[in-house]
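Novice: Numbering (the UniProt record's numbering), first residue to last: 1 to 121.
Glycine included, every Cβ here is placed at the ideal spot set by N, Cα and C.
I have a structure I would like to understand better, so I am pasting it below and will then ask my questions one at a time.
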Amino acid sequence: MQRQTRHSALGIAALVVSGCGLLLLVLSMHYAHAPEHAAMRELPWSLAALLGSSVGLAILAALLGLGSVLQPRRRRLFGIIALLATLGLVIAQLSLGGWIRDQWRTSHPPSDAAGALPAAH
1 MQRQTRHSAL GIAALVVSGC GLLLLVLSMH YAHAPEHAAM RELPWSLAAL LGSSVGLAIL
61 AALLGLGSVL QPRRRRLFGI IALLATLGLV IAQLSLGGWI RDQWRTSHPP SDAAGALPAA
121 H
């Protein structure tokens, strides 16, 4: 009789870490879209810290998920789910980062550098 293989603990840990990263991303999205911060007159450091922590947790979850998938004699289901969740998390983080950059550029237009330079003769 064949012995049942166990789920990978790395995969379960990767899924939990990915969930924590998702929670931080949701908090940063809520914070970024708050009316007092949506204009992006200044970049709130707490928003940068939340988004940076979420990126760090996504990297950790990806490494744990990859370790889970490569682990021999273990079920890989949670590792694969964690890798897919981390991929979605990274896409959402890039989207939020792009939105923040666009809001920042809208509220801080570039100075007219052409008018400040002397004309070449």
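Using DSSP with H/G/I as helix, E/B as strand and the rest coil, what is H7?
Specialist: If DSSP states are grouped into helix, strand and coil, H7 belongs with the strands.
Novice: Where residue 127 and P109 are concerned, what is the direct C-alpha to C-alpha distance, given to the nearest angstrom?
Specialist: Missing from the structure shown is residue 127; the chain here goes from 1 to 121 and no further.
Novice: In chain order, which continuous runs of the alpha helix (DSSP H) of length 4 or greater are located wholly inside the stretch 38-103?
Specialist: The qualifying runs are 45-70.
Novice: Less than 8 Å between the beta carbons of G97 and A14, yes or no?
Specialist: Not in contact: G97 and A14 (Cβ atoms no closer than 8 Å).
Novice: S54 to R41, Cα distance in whole Å?
Specialist: Going from the Cα of S54 to the Cα of R41 covers about 23 Å.
Novice: For A32, which three-state DSSP category applies?
Specialist: The answer is helix: DSSP assigns A32 an H, G or I state.
Novice: Under three-state DSSP, which class holds S18?
Specialist: Looking at S18 - three-state DSSP - the assignment turns out to be helix.
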